[in-house]
Every structure is written in structure tokens, then in C-alpha cells.
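The structure appears right after this line, and notes come after that.
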Amino acid sequence: MKCACIVLACVAVCHGLLRIPLIRRRSARQLLEEKGLLEEHRRRFLSEPAAKFLLKNEQSVVPMTFDPDITYCGVISVGTPPQFFKVLFDTGSSDLWVPSVRCTGSSCGSHLKFNSSASSTFQAGSEPFQISYNSGFASGSTGYDTIKIGDVYVEHQMFGLTETEAISLGSVPWDGVVGLPFSNTSLDGSPTLLTNMWNQGKIPQNMFSMYLSSSVEGSVFVLGGADPTYYTGSIKWIPLYQATSFWNIQIQSITINGNTVACAGGCEAVVDSGTSVIIGSGDDVSNINGWLGATSDEYGTAAISCSFINLLPDVVFSINGYSFSLPPSAYVMKSGSGCVTGFAAPGPWILGEVFMRQFYTAFDMANSRVGFAQAV
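Taking full-length UniProt numbering, the leading residue of the sequence shown gets 1, the next gets one more, and so forth.
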């Protein structure tokens, strides 16, 4: 009888959810390493994780940064008939954009491009579109069209069409970005894709969630709720902390073997699917890596011996009275011929893929909260 109740509960919860498969592709770092271009690229395009969380200015420039280790992407289509794009589902940005056929630079050469004249439902927008990168600008125009995500069509969605892009985007495994901010608006105050989906009655709850697998396949982006297939136990809900556009929460402390090693007295963090690692302040991250026996290079990458991974301690995040423990299998990553930790600096605290692979993550717009559960 208990098993029957669990099955019925899952059917009720999972009904109406949209599941978009995510593929873990080879990162820009891997591609650049193979071509022998990584060191040159790192010198030219220094990582600035904080850049994407700056507010828009009067010119509606949308801050965004380049992360060479991002690997997860899914597929959406734009227009009628549909034109397909690999996209990054990014909780750390606000806007939906894809390259335009007018984008002829080398950075657009490996990406799919949208042809507005081939879509019978496309309407041109009146505003320009700009994204600010630490390495330059991407710019173009705006438009409205039908977006298909999963089996659902979202009508009259505003999006950006880039015509110039920073060189740093040439190696990323995705064509465009779907911004998933906490706020309801994106370009010049227009509704986000998620907001339009909710307003048009396409999803059962104003919520989405993510399961990030370590494998090439198996990851999923879930619209309309949370899917218990991908986690064990219950979701631990965290209220948003001074939230504006992004998914901000408060960390009480970070400990190793019971010792507070970072965020003493609390710190604010952004939960961001568009950042590959865990970012933090320089002193705190140095302290964490010091406890782990890692040494950092000039770019902030902390190397660690692959031979001692099983001897390393858990790193424990105390959030809203809950303890979320990251084992070394979660925070140590293979990089080239060695290993590195998933803690990097400098920047604001950001809980990226390293944290989200360990914990299934739910983003609840309706109740202004983020939830974590142990991923399966």
C-alpha cells in the first residue's frame, strides 16, 4: 500500500511537467587545449564571474561573462517552421538570444543562426540588443516569434538576434542563451520566456528545476515543477535573500571537519547554472583550497593531486539551518593531465555546476525560494 501511495503521489506531482534533455558537451576549455590555444585565450579573456550580475545601464547593456568550462545545453526552436538551436539554460542571466544570419564574424562560424525572413511568425522589434562581455560586446536587434521548448509553443516571445559576438564565444558548445532570472522581465522590461509560459498557461506551476548528471547524457531541465525521479529524500527550501533579478540566497557558513573556513558570519550567494564552479571571495577561497592542500596559479585555478582525492574531507555548506555536504568526488575535477578543485576566485559567491551536480535544484518563482535535494 505504501508503494502504491508513492506512485500515485509521483503521478500527481509529475503531471504536466516538461522535461528537456540536456547534453553535456565538450567544453570550450577542452577544445582550446586540444588546439594549443588555451594559454593565449586565458591571457586575452580573463574570467570575471561578477560581470554578469551587474545591473543594466541606461543603454540596456546586459552584462554577461564567458565561462570556458560550461558544458550543459538543450535544444529549443524559434520561428515557423522551427529553426533549432542549442542553448544554455542560464539562471544567472535575464535574456533569450540566438545568433542572427547577419552574424558573419569568426565567433559565429560554428554556431547555428536564425533567419528571420524564413519565419512566417517573426515580427521585428524596435530596440537594439547588446550584451556586455569582459572581452567586448555582442550586439544586434530584437524581434518577436514563437519559441518551442519541449512540446510547448510560447507565442510572441521577445528575443535578441546577435549580429556581432565576442571572439570568446566562438568555442562554446551552445549557440544562444535562455535566461532564467528570478525577475519577470528581461529585455527592456519585456516578459521572460518563463513568465510568458506561465501567463499563457503552458506549465502547471511557476517553477523549474535542474538535474545535472556527470555523464554525457541523462541531465534534464524540468519546467513546471520538480521531478522526484531525479532526487532522493525531500527538497530543502531556502528563501531568497534580498532578491532582485537573480536567485540570491544566504549561506550561514562553510566548514571543513567542523572548522569554519569561509563565510564566517554569513554571505550572500547566487545559484547559477551558467557558472561551472563555485566562486567566492579571494581570501575565503584561498582558505578552502589551503585546507584541501591545493595550490593556485595566476588565473585562480587550484591544482590538487589526483592521488589523494579519496583522503580529502567534505566541504559543508550551512544554508537556512540545513547542511549540504560536498564530497571530494563532487568538488575535484579532472583538468588536462591533472586535477583541480571546483573552488575559484575572485568574485561574489556563486554556486554553479559543481554544487548543482550534487544537489537537484528547484527554482520556485511563485514562492520566492530555491530548493536543494540530494541528486540520484
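By construction, the Cβ of each residue, glycine as well, lies at the ideal position given by its N, Cα and C atoms.
From what residue to what residue does the alpha helix (DSSP H) around residue i run?
i, result
"proline 328", "328 to 331"
"glycine 282", "282 to 292"
"phenylalanine 355", "353 to 358"
"tryptophan 198", "193 to 199"
Measuring CB to CB, does residue i end up less than 8 Å from residue j?
i, j, result
"glycine 218", "glutamine 205", "no"
"leucine 112", "isoleucine 147", "no"
"phenylalanine 89", "valine 75", "no"
"phenylalanine 129", "serine 119", "no"
"isoleucine 249", "isoleucine 319", "yes"
"phenylalanine 208", "isoleucine 288", "no"
"alanine 375", "tyrosine 144", "no"
"tryptophan 198", "valine 87", "no"
From what residue to what residue does the beta strand (DSSP E) around residue i run?
i, result
"asparagine 259", "259 to 262"
"tryptophan 174", "Counting along the chain, tryptophan 174 falls outside any beta strand (DSSP E), and DSSP gives it neither H nor E."
"glutamate 268", "267 to 271"
"methionine 365", "It is not in any beta strand (DSSP E) - methionine 365 carries neither H nor E in the DSSP assignment."
"glutamine 250", "248 to 251"
"valine 315", "315 to 319"
"isoleucine 235", "231 to 239"
"glycine 338", "338 to 341"
"glycine 74", "72 to 78"
"residue 442", "Residue 442 cannot be examined here, being either before or after the span of the chain that is shown, 1 to 376."
"residue 420", "Residue 420 lies beyond the stretch modelled for the chain, which goes from 1 to 376, so this question has no answer here."
"isoleucine 304", "302 to 304"
"phenylalanine 308", "It is not in any beta strand (DSSP E) - phenylalanine 308 carries neither H nor E in the DSSP assignment."
How many angstroms separate the CA atom of residue i from the CA atom of residue j?
i, j, result
"leucine 326", "serine 168", "31 Å"
"serine 107", "tyrosine 72", "19 Å"
"asparagine 257", "proline 328", "13 Å"
"isoleucine 292", "leucine 311", "Note that residue 292 is leucine in the sequence shown, not isoleucine. Cα to Cα, leucine 292 sits roughly 10 Å from leucine 311."
"tryptophan 247", "threonine 195", "15 Å"
"glutamine 123", "glutamate 165", "22 Å"
"valine 315", "alanine 264", "14 Å"
"valine 340", "tyrosine 360", "23 Å"
"alanine 294", "alanine 303", "5 Å"
"threonine 244", "proline 181", "9 Å"
"phenylalanine 109", "threonine 255", "Reading the sequence as shown, one finds glycine at residue 109 and not phenylalanine. Computed Cα separation, rounded: 45 Å."
"proline 99", "serine 253", "41 Å"
"proline 348", "serine 281", "6 Å"
"lysine 202", "leucine 351", "29 Å"
"glycine 179", "glycine 336", "30 Å"
"serine 215", "valine 332", "15 Å"
"asparagine 367", "serine 305", "43 Å"
"arginine 19", "phenylalanine 221", "6 Å"
"aspartate 151", "glycine 266", "42 Å"
"threonine 104", "isoleucine 251", "44 Å"
"proline 63", "glutamine 200", "Per-residue confidence for proline 63 stands at a pLDDT of 42, beneath the threshold of 50, marking its modelled position as unreliable; the derived number appears in the next sentence. Computed Cα separation, rounded: 28 Å."
"valine 154", "isoleucine 23", "23 Å"
"isoleucine 309", "glycine 125", "52 Å"
"serine 296", "valine 354", "18 Å"
"glycine 92", "serine 273", "7 Å"
Who are residue i's beta bridge partners in DSSP?
i, result
"glycine 150", "The partner list for glycine 150 (beta bridge, DSSP) is empty, contrary to what the question assumes."
"arginine 19", "Val222"
"leucine 88", "Val177"
"residue 389", "Any answer about residue 389 is impossible in this case: the structure gives the chain only from 1 up to 376."
"threonine 255", "Thr260, Val316"
"arginine 24", "Tyr72"
"threonine 361", "Met210, Phe372"
"isoleucine 350", "Val270, Ile279"
"lysine 334", "Cys339"
Out of the options, which one is the CA nearest neighbour of residue i?
i, options, result
"threonine 80", "Cys103, Leu96, Phe114, Ser110", "Phe114"
"proline 239", "Ala269, Thr255, Val220", "Ala269"
"proline 21", "Asn367, Gly274, Ser213", "Ser213"
"phenylalanine 324", "Phe372, Ser305, Ser307", "Phe372"
"tryptophan 97", "Ile319, Ser117, Gly160", "Gly160"
"methionine 356", "Lys334, Ile278, Ala366, Asp283", "Ile278"
"threonine 275", "Leu17, Ile70, Arg25, Asp284", "Ile70"
"aspartate 95", "Val376, Gln374, Met197, Met158", "Met158"
"glycine 189", "Ile149, Gly150, Asp364, Thr142", "Thr142"
"proline 228", "Val370, Gly92, Ile23, Ala362", "Ala362"
"glycine 16", "Ala226, Ile309, Asp284", "Ala226"
"proline 346", "Ile309, Tyr322, Thr301", "Thr301"
"serine 183", "Val177, Pro191, Gly176", "Pro191"
"methionine 365", "Ser117, Gly321, Trp237", "Trp237"
"serine 117", "Gly338, Pro82, Val370, Glu127", "Pro82"
"serine 186", "Val285, Glu127, Asn259, Ala262", "Glu127"
"isoleucine 131", "Met210, Ile149, Gly176", "Gly176"
Please tell me whether, using a cut-off of 7 Å, the distance from the CB of residue i to the nearest non-hydrogen atom of the ligand GDP is below it.
i, result
"phenylalanine 343", "Here there are no bound small molecules, and the ligand GDP is not part of this structure."
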